[in-house]
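Take the sequence shown: its letters are residues 4 to 573, numbered as in this note's numbering.
The structure appears right after this line, and notes come after that.
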Amino acid sequence: DLMNNSLDAGSVYAAMDDQPVVQYAISQGKNYAINIDGEKVGSFAFAVKKGSKYEYLIDEFNHAFAEMKKDGTYDAIMAKWLGDSEKSDDKSSVVTSSSLKLTGDASAKATPVKSTYKIVMDSSFAPFEYQNDSGKYEGIDVDLIKAIAEQQGFNIEISNPGFDAALNAVQAGQADGVMAGMSITDARKEIFDFSDPYYTSNILLAVKKGSFVKSYEDLNGKTVGAKNGTSSYTWLSEHAAQYGYTLRAFDEASTMYDSLNSGSIDALMDDEAVLRYAIKQGRNFETPVDGEKSGEYGFAVNKGTNPELLEMFNNGLAALVKSGEYDKIVSKYLGSSDEKKSTSSSVDETTIWGLIKNNYSQLLSGLGTTLSLTLISFAIAMVIGIIFGMMAVAPNKVLRTISAIFIDVVRGIPLMIVAAFIFWGIPNLFESLTGKQSPINDFLAATIALSLNAGAYIAEIVRGGIEAVPKGQMEASRSLGISYGKTMKKVILPQAVRVMLPNFINQFVISLKDTTIVSAIGLVELFQTGKIIIARNYQSFRMYAILAIIYLVMITLLTRLAKRLEKRLK
Ligand code: GLN
């Protein structure tokens, strides 16, 4: 909830969570878009602590679960919550081999009837097929079809005439199969026979970075490009009248992408996976609207021809999925380069020393945030506190009332709520009033909340200190004709400050500890850093012990320092 609130308020730019959870939130009306394909993390399971006396629950769970699957209870539960639209080609379908609906037999091998099969492909459709630096074609489609041919034992000859040309070649019988990130659509099924789907992608609109085009409506009077014969082209031509743009057809992608770059077209539409890849590779585009569904990619042959080729494809695909090679190929082109880094490091994190060694830089940066948060907010709080504290003892009633209201309000609201109000509440109001995102970031919000909070308490310390000086002092000084200001400065405050000093130190320690409270808004100070580390390695005992010691050492050192200052001032 905190994360979603932050996303709503615009204080975080994006959030990552489990796909069904995000989709459910969207279906419940959350104004989110899933613009990037998901990452694999695996299946959900019920768990108990390893070696605990509750391990028998696992067997019971599995037993009941199997029965529920058999009698349909499981399906009923899933359908109740996710509906049956969930599985199919959803907007954000995550491409994992486990989500592929395979009909092939991984252990079967059909017999090729031709000595060589001619396979045609798109000419530039990275990461599915594209020329590498040495001019050779590579990509997911290329690797997949090669691996399938090898696994099934048939020969292929590949050419790359471009998407539309490839489809035409197969239709005309000049080639046997097309492997070109080709979407399986009902219209195409009239003309082609498709294999099992091997990938899923939406189609997506792209504009130049910084373009004013933020929605399809903005395309009125503009030119939009798409490759001939693609589902993007079909979608665009179906919606041209509605949105008032002119559609321009391209033979292949690179000229189309360059045209967008040079401004000769205002937008283009292409497969999401391909566009995202292009942007990742440095194309200066952005994608203002959610993608449109275009379904799954399949390998296709001309209707009624080469049935053994389709069969071999399906069997080979099933075999590649089973052996893990399919995932290897896909992640070779789409996997993030830091995939290896993200798995936890080799250092043993079950010891205090290992935890520190592995996380010290994170902890140090959290410590830095905590310290700067404390020092900055305490400095501001001193200013606020002295102003309102002086006002509280001022002869002027208006000043006293203002001060009292400030102190009562701030002291009367829990710090965490003040922080949440500044960080989530105000941006929310700001956005609904101006339509713009609030400029308040988490550090700023936390600083304001902590300053206000400590300011109110310091005001009380100041007031208390001044009031502790006997009234007679003021009266004596004033009756000698010395002004109020001068009396304050020369007579009252020097005595009052002595009373205040220990309280300031006390308040400083409290402020430092209060920084842990503002971690609730997601600010990664020391406490939050620890929580993040624990969320990864579950070492709560050791990690909280480390945190406690860091705070203890830090506070002890700082109070010692403050005590010294106090002595000197006295
Ligand atoms: N998937 C899209 C389609 O089938 C685009 C394919 C491509 O451009 N190679 O129309």
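Backbone N, C-alpha and C fix where the C-beta goes; we use that ideal spot for every residue, glycine too.
Since we're looking at a predicted model, the values are computed, not measured.
Stretch-stretch touch, CB-based, cutoff 8 Å, three pairs: the segment 129-148 with the segment 350-360
no
Can you pull every residue whose C-beta falls closer than 6 Å to some heavy atom of the ligand GLN, listed in chain order?
D125, F128, F166, A183, G184, M185, S186, K230, T233, S234, D274, S297
Report the rounded CA-to-CA distance for L572 versus G285, giving the unit in angstroms.
Along the sequence shown, one-based indexing puts residue 572 at 569. Along the sequence shown, one-based indexing puts residue 285 at 282. Distance between the alpha carbons of L572 and G285 is about 60 Å.
Ordered along the chain, which non-local residues of its own chain (more than five positions away) have a Cβ less than 6 Å from that of N431?
Numbered from its first residue, the sequence shown carries residue 431 at position 428. Excluding residues within five positions, the ones whose Cβ falls inside 6 Å are A12.
Proximity to S204 [Cα-Cα], best of L239, T119, I425, N38
Translated into positions along the sequence shown, residue 204 becomes position 201. Ranking L239, T119, I425, N38 by Cα distance to S204 puts N38 first.
Going by DSSP, which residues form a beta bridge with M272?
Reading the sequence shown from its first residue, position 269 is the one you call residue 272. L208, per the DSSP bridge assignment.
Within the continuous alpha helix (DSSP H) that includes L550, where are the two ends?
In the sequence shown, the residue the question calls residue 550 occupies position 547. Counting along the chain, the alpha helix (DSSP H) containing L550 begins and ends at 543-572.
How is the alpha helix (DSSP H) around T450 delimited, first residue to last?
In the sequence shown, residue 450 corresponds to position 447, counting from 1. Per DSSP, T450 belongs to the alpha helix (DSSP H) from 445-471.
Taking buried to mean at least 16 other C-beta atoms within 10 Å of its own C-beta, is D196 buried or exposed?
By 1-based counting over the sequence shown, the position of residue 196 is 193. The residue is buried, with at least 16 neighbouring Cβ atoms inside 10 Å.
Using DSSP with H/G/I as helix, E/B as strand and the rest coil, what is R286?
Counting from one through the sequence shown, the residue named residue 286 turns up at place 283. It is coil, neither helix nor strand.
Cβ shell of L370 (< 7 Å), same chain only, five flanking positions each side left out:
For the purposes of this step, residue 370 is identified with residue 367 of the sequence shown, where counting begins at 1. For L370, where only same-chain residues beyond five positions count, the Cβ hits under 7 Å are L529, I553.
Is the distance from the Cβ of F426 to the Cβ of A407 below 8 Å?
The residue you call residue 426 lines up with position 423 of the sequence shown. The residue you call residue 407 lines up with position 404 of the sequence shown. Not a contact, by the Cβ cut-off of 8 Å.
For K474, which three-state DSSP category applies?
Sequence index remark: in the sequence shown, residue 474 carries index 471 (1-based). Looking at K474 - three-state DSSP - the assignment turns out to be helix.
Can you pull the DSSP bridge partners for R251?
Residue numbering aside, residue 251 sits at position 248 when the sequence shown is read from its first letter. Looking at the DSSP assignment, R251 forms a beta bridge with G228.
Which of the three DSSP states, helix, strand or coil, is assigned to T233?
Here residue 233 corresponds to residue number 230 of the sequence shown, with the count starting at 1. In this structure, T233 counts as coil in the three-state DSSP scheme.
Residue(s) in a DSSP beta bridge with T203:
Here residue 203 refers to the residue found at position 200 of the sequence shown. E299, per the DSSP bridge assignment.
Can you confirm whether the segment 283-302 touches the segment 211-226 when touching is taken to mean that 3 or more C-beta pairs between the two stretches lie within less than 8 Å?
yes
Alpha carbon to alpha carbon, how far is S368 from T532?
The residue labelled residue 368 in the question sits at position 365 within the sequence shown. The residue labelled residue 532 in the question sits at position 529 within the sequence shown. Spanning the two alpha carbons is a distance of roughly 9 Å.
Starting from F197, trace the beta strand (DSSP E) in both directions and tell me its first and last residue.
On the sequence shown, position 194 is the one that residue 197 refers to. Element bounds for F197: 195-197.
What does the Cβ neighbour count give for M6, buried or exposed, with the cut at 16 atoms within 10 Å?
Reading the sequence shown from its first residue, position 3 is the one you call residue 6. Exposed, because fewer than 16 other Cβ atoms sit within 10 Å of the Cβ of M6.
Does DSSP put I122 in a helix, a strand or coil?
Your numbering for residue 122 matches position 119 in the sequence shown. The answer is strand: DSSP assigns I122 an E or B state.
Starting from E160, trace the beta strand (DSSP E) in both directions and tell me its first and last residue.
Numbered from 1 along the sequence shown, position 157 holds the residue referred to as residue 160. Segment 159-162, the beta strand (DSSP E) holding E160.
Buried or exposed (CB count within 10 angstroms, at least 16 for buried), F511
Mapped onto the sequence shown, residue 511 falls at position 508. Flag for F511 reads buried.
Of the residues D445, L312, F302, the one placed nearest I524, counting alpha carbons only:
On the sequence shown, residue 524 is found 521 positions in, with the first residue counted as 1. Of the listed residues, the one whose Cα sits closest to I524 is D445.
Proximal residues to G266 (C-beta, below 8 Å), its chain only, five neighbours per side dropped:
Mapped onto the sequence shown, residue 266 falls at position 263. Counting only Cβ-Cβ distances below 8 Å, and skipping sequence neighbours, we find K211.
For the pair the segment 458-477 and the segment 411-422, tell me if three or more CB-CB distances fall below 8 Å.
yes
Can you grab the Cα-Cα spacing for the pair T237 / K283, in whole Å?
Position 234 of the sequence shown holds residue 237. Position 280 of the sequence shown holds residue 283. Distance between the alpha carbons of T237 and K283 is about 26 Å.
Which of the three DSSP states, helix, strand or coil, is assigned to Q7?
The residue you call residue 7 lines up with position 4 of the sequence shown. Position check: residue 7 holds Asn in this sequence, whereas Gln was assumed. Looking at N7 - three-state DSSP - the assignment turns out to be helix.
Integer Cβ distance of M503 from T490, believed to fall under 8 Å:
Stepping through the sequence shown from its first residue, residue 503 is reached at position 500. Stepping through the sequence shown from its first residue, residue 490 is reached at position 487. No, M503 and T490 are not in contact; Cβ-Cβ is about 18 Å, not under 8 Å.
How long is the line joining the alpha carbons of I429 and V521, rounded to whole angstroms?
Translated into the one-based positions of the sequence shown, residue 429 becomes position 426. Translated into the one-based positions of the sequence shown, residue 521 becomes position 518. If I take the Cα positions, the gap works out to 16 Å.
Would you say the segment 225-236 touches the segment 310-330, given that touching needs at least three Cβ pairs under 8 Å?
no
Can L337 and P23 be called in contact, C-beta distance under 8 Å?
The residue you call residue 337 lines up with position 334 of the sequence shown. The residue you call residue 23 lines up with position 20 of the sequence shown. In this structure, P23 does not lie closer than 8 Å to L337 by Cβ.
Of the residues G41, I29, D21, which one's Cα is nearest the Cα of Y47?
Numbered from 1 along the sequence shown, position 44 holds the residue referred to as residue 47. Rather than Tyr, the amino acid found at residue 47 in this sequence is Phe. When each option's Cα is compared against that of F47, the closest is D21.
Looking only at DSSP bridge pairs, what is S486 linked to?
Here residue 486 corresponds to residue number 483 of the sequence shown, with the count starting at 1. None, per the DSSP bridge assignment.
If you run the structure through DSSP and keep just helix, strand and coil, what is G180?
As a working mapping, residue 180 is identified with position 177 in the sequence shown. G180: strand per DSSP, three-state reduction.
Cβ-based neighbour list, L105, same chain, cut-off 6 Å, excluding 5 preceding and 5 following:
Residue numbering aside, residue 105 sits at position 102 when the sequence shown is read from its first letter. Taken in chain order, the residues that qualify are D199, A321.
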